[in-house]
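Here's the structure we're looking at; comments come further down.
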Amino acid sequence: MSKPVNVDSSAFEAEVLSAPLPVVVDFWAVWCGPCRMMAPVLDQLAEDYDGNVKFAKVNVDENQELAARYGIMSIPTLVIFKDGQEVGRVIGYMPKEKLKEQLEAAIH
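Position one of the sequence shown corresponds to residue 156 (the numbering used here), numbered consecutively onward.
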């Protein structure tokens, strides 16, 4: 069973930019209600895409430089990376099926 991994600025290059699989990065914060709503959706998608897509979480309060580097202005924001490049972005809460559509469009 796959779960999103917590990533900080020191691990971002290895875990996200150099990853052999597409990576969905969830920029979130503990105090963010919509982020807490999104967490179980991402857990389900991590299981659905196990072995095909990696899921990572970046706490914006603890990693402000990463949030700034990727222009994160509101949370949750999901940034989809493939081969080290951003290929998609979803801002705000989104139901699982809609999120799956966005993910499929970005990684194929």
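In this text, a Cβ means the ideal position worked out from N, Cα and C, and glycines have one as well.
Presumed contact (8 Å Cβ cut-off) between residue i and residue j, rounded CB distance
i: Lys237; j: Pro177; result: 4 Å
i: Val196; j: Ile262; result: Incorrect: roughly 17 Å between the Cβ atoms, too far for contact.
Among the options, the one whose alpha carbon lies nearest that of residue i
i: Phe182; options: Ala174, Pro175, Leu200 and Asp163; result: Asp163
i: Val215; options: Ile227, Tyr204 and Gly206; result: Ile227
i: Lys212; options: Gly188, His263 and Phe167; result: Phe167
i: Val245; options: Trp186, Ser173, Glu202 and Cys190; result: Cys190
Backbone CA spacing between residue i and residue j [nearest angstrom]
i: Asn218; j: Ala260; result: 28 Å
i: Pro175; j: Ala169; result: 10 Å
i: Val185; j: Tyr204; result: 25 Å
i: Cys187; j: Leu172; result: 26 Å
i: Leu200; j: Lys251; result: 8 Å
Coil, strand or helix - residue i by DSSP
i: Asp304; result: This structure leaves residue 304 out entirely; the chain is present only between 156 and 263.
i: Val196; result: helix
i: Val160; result: strand
i: Ala166; result: coil
i: Cys190; result: helix
i: Leu176; result: coil
Item to check | Any beta strand (DSSP E) of 3 or more consecutive residues that is wholly inside the region 205 to 255 | outcome: The qualifying runs are 209 to 214, 232 to 237 and 240 to 246.
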